[in-house]
Amino acid sequence: MRRAPVFTILAAIVLVAGFCAVVLTGFGFREPSAGDIDAWADVARRTGAINVVSSIYLNARLFDTLLEVLVFAVAVLGVHFYLTARGRPEPVESIPESNVVRIAADILLPPILLISIYVVLHGHLSPGGGFSGGVIAGTGLLLAAIALGTDTVTARLGPRLLDRAEWGTLLGILFLAFAPIFAGRPLLSDLLPAGTPGRLASGGSILLYNALIGAKVFVGSWVIVRHFVDHRGEI
Amino acid sequence: MTAQLVLLALLPITAGLALLQRRRLHAIIGMGAFSLLLATVFLLANAPDVAITEAAIGAALVTLIYVLAIRKTGRLTVAASETPGLIGREGEQIVGLEWEILERLAADVGLDLVVQFASPEEVEEAIRRGEVDIGAGGILASECGENVLRTSGHLPTARFAVAGPRSEPGGKPAAPFRGELADVIDAVRRGAPVSATLDLARFLALSRYDLDAYAIERVEGDEAYVFVLPPSRRDLHQRLAEILARLAETGELDSMIRRHFP
Amino acid sequence: MVGLNGVTISVVLFGIGLLGLVLRRDLVVKLLALGLVNSAVILCLVSLGARPDGAPPILATPAASAIVDPLPQAIVLSAIVINFAILALALVFVMLLVERYHTTDSHRIERASAAEED
Amino acid sequence: MELILLPLVRFLFGGLSTASARAARAFAILALAVDAVLLGRLALALARGAEASLVLGGWERGLGIAFSGDQIGLTFAALIWGLAVAVLLYTWRDDLRPYFYVLLHLLIGAAYAMVFTKDLFNAYVILELLTLASFLLVGYGRRPRQIWASLNYLVLCSLGMSLFLLGVAVVYYHAGTFDLGALAAEVAADPSAPWVRLAATLLVGGVAVKAGVFLFSLWLPSAHARATPAVSALLSGVVVKMGVVEIFRLSEVFPLEPTLLVLGFATALLGLLYAIQTRDAKRLLAFSTLSQIGYLLIGFGAGTAAAKLGALDYAVAHGLFKGLLFLAVGEAARLVGTSDLRTLISNRNAIPRATRLALLVGILGIVGIPPFAGFAAKSVLESALHPALLHAGVGLISVGTVASFAKLLPLLGGRSTGRSDRARIAAYGWLATAIVLFLPLSSALVPRSILSAACWTWPAYLETAVVILLGLGLRRLVRDRPFRLPTAVFRIEEGTLVILASLLLVFCLVHVV
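Protein chains in written order, with our numbering: chain W, 1 to 235; chain E, 236 to 497; chain V, 498 to 615; chain G, 616 to 1128.
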């Protein structure tokens, strides 16, 4: 570790300490009132999803989530754009592996994919949802990549299918945001009925959003991981 | 509740230790552990959704792409001024006596060798600031500055003052060589004024051109080429000295010298 | 309200991240420090809603009246994903810089890129 | 309804552009047409006096995200649209990848959302999307120094947004809402509470990193100077302005007057010093952006409604002429091969006539010659600044602006040999028309009575003449006396420290009410 000049170190410590002190002055406790708690419970009642966080994340504040999906899409696009254009250094060999790793990958992959699907589809009922489920599946695929090499995995999934899924899911999410307008409801609101809380088929559009976001994030995180595997060890 | 407090107290400790790591891989693994701890804290704070997302993204995916991105082997960075025969580029490849010695060192310590070519004064500056591990490329024992580590000379050499055109020999000795050798060669080819003291390797490269118009004088004194290292790299200096001693003992150094300076 | 709680710890973490960002010159470690700064804010937001006697914001649990504040948790999910996106892109850019300058030291890259401009 | 359709339609076109590479350009045109229709409808609704605000998804205020359309939002949306047209025309002949258009759609969509949103966390997400899209656009050329500039941009902006989010946390902690309207009521109840000051510091400090306030936005000169011309125009005209819009919204909620005045003068004077000193045409424009942001902050800080209107008017004017200048200087630099001023001037014959004309209009606009945009906006702003000292300070900044832009004047001399292509000329013509016709156009934002009282008076002309003479004099004075200014502050490390120090400064300033 190279040492910074003494002056910089001192300045950094003084300024950071000052910053922390300033920030700590402003916080205090705020107990939620009974009205607050009622309001939170009411959100879930209106959307029909018993997971209140999901109700807010995918219904009341859906626009934030939409923007966030776009941020993720921009990241995937950027990684793809900059790393594809560079070309690959040499034929990329699969990550050095042994039979143990290969067998482990074979055994582990199906349950990981199953878990991720469960996490995605139960997002409105229990913790989890599209993003975490998609990432779990995307990184789980890395196991397959360890065993087979990234090119084989991409070929098996079908490069064109991946390509299409990447923008198809994004368009699907956007369309779902537009769709309520055709049913005479406000944009970015629910399309489906709330249903019976606690059942799989409840929570209005939340299930659809979770499924689409899950697919989008699965493809996106696989694209990112694949590029990083191909260009590994470059920094 | 106690578990929560203990975990909370562990967070800054983990993060601080992780960021203090000298090696990047250790820092990354430390931050991965931090993210996992953080996910546990979220779980205990009744935020299971956040905990799952943080574990999947912050702990798993982020750590994964960091580990994939970084080079597992460390680097040995060398700053060198190009000197024909000692260290220089030939097309895509780097060749020379000093390069071969450095390759031995890199293999010995298990690091990748990265060479940045620069002018002698930039090399000196980089060493003084401790930005690179080794300085090379026609550095003379008498010319390297204070406060740096230098090896014992691996190749005896001499200095030649080149001045002209049409100037009287025996004047004030010219300043030590600075800048790029290519500039001096260019000046000689154009017959432009030159006043520089060159070491033997650079002088040999220059003497391939017509030097009739220039006054050449050998500067008195014994000289030798050395490597320089920043004072903080005492360990590396030790290794390099050992390798040089071994090469000299087995006579390998002599055969290398003969190969590069026939 | 200085004491051992999530908010205080998150401010301390923010400070550690800032120090890392300023004092470490290796870009990879700088990005780790930036990630720490972002995580610190997330911890702060989650700690806001936390109550010792609270329950997860899922209404199936019996004590539905004791659920913790779900709003910070919902927005934090977006923040985590955004931080990941920033990090992935930053790493790609560091890769491109290493290809050109053969170093991850911020000062040396700064000098090399300034020299190119002249 | 139009409020949310504007961003959503853009996002949809962004998604469609990834799907079909061939149609990307057609989609870009289509998107502009749809935007124009939506903006027209919104303008009509506002003219009728209709209430144009909504909470997304049919929720009620407080939990959902509130959007509200007012004259200010509409004006900025129109500016964004105008610059989008110019950028599309300018890059018409360039062979751009669909990737560029996707980012462009997302950037513009996010900017539309930004001008209408009244929700703090929503603003955070939008600003992050803006950061990422513009970050990738800055590095679009893939040249290493562009990459380095945009990495600096990303790291410092991400830090700034973390500060902003911390401020959002403080707000939520105490007020229990992200909604600016509800927050304003809470703040008004106790404007001197410690948490109000802390929240104001963190929110303003965080967003100032994006808004081009000198002490905070030390990433800006490199990023703006190194990006391609079309991207630079968007950065200066749109992205930086979105930070300014957020500062404006915050200034409506928090008592920020002295803070913004001090920050405004600091950024204006420091930006000018660097602009006068630099020898690079594109860096000159970037530094001048920093100084022009000063006008806006001073306007917000003066506190009166008229001053705020004047500042917003100036923000639009600045977006127009800085966009034009970046496009024109960018083309000149591309033709000559460098943006170094001396080389540019010695090779000035390579600059086509249309580009010169564009440069001329841009310079006349920024130094405030009547009746160009700068004059109109500056007069409205200055007429609302009441203490004479404030007025004089702003006059001083104008003198500096003239002195720094006088450096570009030699580019107009010589005789031109090259020709611009038609699409570029159309882009220049589009922005130049808006600059020339700015006075009638700005009556949409500023009431006509204020406008005519501020602009069509002898003192305004006289002041302009004095400012220009003094500016040219200052230019003569400093031309042969080059001076050096610290450049280390533009590094990431020092930049971070400066941000922290400025944050503490802001914290002290918010205590002065």
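Where is the CB? At the ideal position from N, CA and C, for every residue including glycine. All of these numbers come straight from a predicted model, not from anything done at the bench.
Would you kindly work out how many angstroms separate the C-alpha atoms of residue i and residue j, rounded to a whole number?
| i | j | result |
| --- | --- | --- |
| G/TRP1132 | G/LEU647 | With chain G running from 616 to 1128 in the structure shown, residue 1132 of chain G is simply not present. |
| G/ALA636 | G/GLU872 | 49 angstroms |
| G/ALA748 | G/ARG812 | 32 angstroms |
| V/MET498 | G/PHE1122 | With a pLDDT of 45 at V/MET498, under the threshold of 50, the predicted position of this residue should be treated as unreliable, though the coordinate-derived value follows. Those two C-alpha atoms are separated by around 19 angstroms. |
| W/LEU269 | W/LEU142 | There is no way to answer for residue 269 of chain W, as the model of chain W reaches only from 1 to 235. |
| G/HIS1126 | G/ALA814 | 12 angstroms |
| G/LEU798 | E/ILE305 | 45 angstroms |
| V/ALA576 | E/THR298 | 17 angstroms |
| W/PHE182 | G/ALA667 | 21 angstroms |
| E/GLY405 | E/ALA448 | For E/GLY405, the predicted model reports a pLDDT of 49, less than 50, meaning its position is unreliable and no value from the coordinates is stated. |
| E/THR432 | E/PRO465 | 25 angstroms |
| G/SER807 | W/GLY26 | 12 angstroms |
| G/LEU924 | G/ARG1090 | 31 angstroms |
| W/VAL53 | G/VAL1017 | 55 angstroms |
| E/ARG474 | E/ARG453 | 34 angstroms |
| E/ASP445 | E/VAL358 | 30 angstroms |
| G/LEU781 | V/GLN570 | 14 angstroms |
| G/GLN892 | W/LEU67 | 41 angstroms |
Locate the alpha helix (DSSP H) running through residue i, then write down its first and last residues.
| i | result |
| --- | --- |
| E/ASP368 | Counting along the chain, E/ASP368 falls outside any alpha helix (DSSP H), and DSSP gives it neither H nor E. |
| G/TYR739 | 735-753 |
| E/SER377 | Neither: E/SER377 is in no alpha helix (DSSP H) and is coded neither H nor E. |
| W/ASP163 | 159-178 |
| G/PHE831 | Element bounds for G/PHE831: n/a, residue is neither H nor E. |
| G/SER683 | Looking at the DSSP string, G/SER683 is not in any alpha helix (DSSP H); the run it does join, the beta strand (DSSP E), is 681-683. |
| G/LEU813 | 809-826 |
Looking at the strands, I want to know which residues DSSP matches up with residue i.
| i | result |
| --- | --- |
| E/ILE329 | E/ARG324 |
| W/PRO193 | DSSP output for W/PRO193 lists no bridge partner at all. |
| E/PHE352 | E/ALA315 |
| E/ASP347 | E/ARG310 |
Along the chain, where does the beta strand (DSSP E) that runs through residue i open and close?
| i | result |
| --- | --- |
| E/ARG394 | 390-399 |
| E/GLU452 | 450-464 |
| E/LEU433 | 429-434 |
| G/VAL944 | G/VAL944 -> not in any beta strand (DSSP E); alpha helix (DSSP H) instead, spanning 920-951. |
| G/LEU1052 | That residue, G/LEU1052, is in no beta strand (DSSP E); it is neither H nor E in DSSP. |
At a Cβ threshold of 9 angstroms, is residue i touching chain C?
| i | result |
| --- | --- |
| V/VAL525 | Here chain C cannot be found, since the structure's protein chains are W, E, V and G. |
>> At a CB distance below 8 angstroms, what residues from the segment 284-317 of chain E approach chain V? Give them in sequence order.
In response: Those would be ASP284, VAL285, THR288, GLU289, ILE292, GLY293, LEU296, VAL297, ILE300, TYR301, ALA304, ILE305 and THR312, in chain order.
> Along the segment 539-554 of chain V, what residues have a CB closer than 7 angstroms to any CB found in chain G?
Replying inline: Listed by position along the chain: CYS541, LEU542 and LEU545.
> Listed in chain order, which residues of the segment 8-40 of chain W have Cβ atoms closer than 8 angstroms to some Cβ of chain E?
Replying inline: When C-beta distances to chain E are compared with 8 angstroms, every residue of the segment 8-40 of chain W stays at or above that value.
> Using a beta-carbon distance cut-off of less than 7 angstroms, what residues from the segment 220-233 of chain W approach chain V?
Replying inline: Cβ contacts with chain V come from ILE224 and HIS231.
> Counting Cβ pairs closer than 8 angstroms, one from the segment 159-169 of chain W and one from the segment 12-30 of chain W, do we hit at least three?
Replying inline: Segments in contact, no.
>> Residues of the segment 503-517 of chain V in Cβ contact with chain W at a cutoff of 8 angstroms, in chain order, please.
In response: The residues in question are VAL504, THR505, VAL508, VAL509, PHE511, GLY512, LEU515 and LEU516.
>> Which residues of the segment 237-251 of chain E have a Cβ closer than 8 angstroms to any Cβ of chain V? Give them in chain order.
In response: Those would be LEU240, LEU243, ALA244, LEU246, PRO247, ALA250 and GLY251, in chain order.
> If we count Cβ pairs, one from each stretch, closer than 8 angstroms, do we get three or more for the segment 253-265 of chain E versus the segment 100-120 of chain W?
Replying inline: In the pairwise beta carbon analysis, the segment 253-265 of chain E is classified as not touching the segment 100-120 of chain W: fewer than three pairs are separated by under 8 angstroms.
> Taking a cut of 7 angstroms between CB atoms, which residues from the segment 570-585 of chain V lie near chain G?
Replying inline: The segment 570-585 of chain V vs chain G, Cβ under 7 angstroms: ILE572, SER575, ALA576, ILE579, ALA582 and ILE583.
> In chain order, what residues of the segment 185-217 of chain W put their CB closer than 9 angstroms to some CB of chain G?
Replying inline: When C-beta distances to chain G are compared with 9 angstroms, the residues of the segment 185-217 of chain W below that value are ARG185, PRO186, LEU187, LEU188, SER189 and ASP190, in chain order.
>> Please identify, using Cβ separations under 9 angstroms, the residues of the segment 724-738 of chain G that lie next to chain W, in order along the chain.
In response: Cβ proximity to chain W below 9 angstroms picks out GLY724, ALA725, ALA728, THR732, ASP734, PHE736 and ASN737 from the segment 724-738 of chain G.
> When you check each C-beta in the segment 771-790 of chain G against every C-beta of chain V, which residues fall closer than 7 angstroms?
Replying inline: Within the segment 771-790 of chain G, the qualifying residues are SER773, LEU774, SER777, LEU780, LEU781, ALA784, TYR787 and TYR788.
> Which residues, in chain order, does the segment 345-368 of chain E contribute to contact with chain V at a C-beta distance below 7 angstroms?
Replying inline: Using a CB distance below 7 angstroms, the part of the segment 345-368 of chain E facing chain V consists of VAL349, GLN351 and GLU366, ordered along the chain.
> Hey, is the segment 656-665 of chain G in contact with the segment 753-768 of chain G, meaning 3+ C-beta pairs nearer than 8 angstroms?
Replying inline: Contact between the segment 656-665 of chain G and the segment 753-768 of chain G is absent: fewer than 3 CB-CB pairs across the two stretches fall below 8 angstroms.
> Is there contact between the segment 281-288 of chain E and the segment 539-551 of chain V, where contact requires at least three CB pairs shorter than 8 angstroms?
Replying inline: Touching, yes.
> What residues from the segment 701-725 of chain G come within 9 angstroms of chain W, judged by C-beta to C-beta, listed N to C?
Replying inline: So the close ones are ARG712, TYR714, VAL717, LEU718, LEU721, GLY724 and ALA725.
> Using a Cβ cut-off of 7 angstroms, which residues of the segment 674-702 of chain G contact any Cβ in chain V, in chain order?
Replying inline: Hits within the stretch: zero.
>> Any contact between the segment 823-830 of chain G and the segment 41-58 of chain W? By contact I mean 3 or more CB pairs, one from each, below 8 angstroms.
In response: No: fewer than three Cβ pairs fall under 8 angstroms.
> Counting Cβ pairs, one atom from each stretch, are 3 or more of them under 8 angstroms apart for the segment 900-920 of chain G and the segment 1033-1045 of chain G?
Replying inline: At 8 angstroms Cβ cutoff, the stretches do not touch.
>> Against chain V, which members of the segment 864-896 of chain G pass a CB distance test of less than 7 angstroms?
In response: Within the segment 864-896 of chain G, no residue has a Cβ that lies closer than 7 angstroms to any Cβ of chain V.
>> Whether or not the segment 995-1011 of chain G and the segment 1046-1054 of chain G are in contact is what I'm after, with contact meaning three or more pairs of Cβ atoms, one per stretch, closer than 8 angstroms; do they touch?
In response: Taking 8 angstroms as the limit for Cβ pairs, the verdict is that the segment 995-1011 of chain G does not touch the segment 1046-1054 of chain G.
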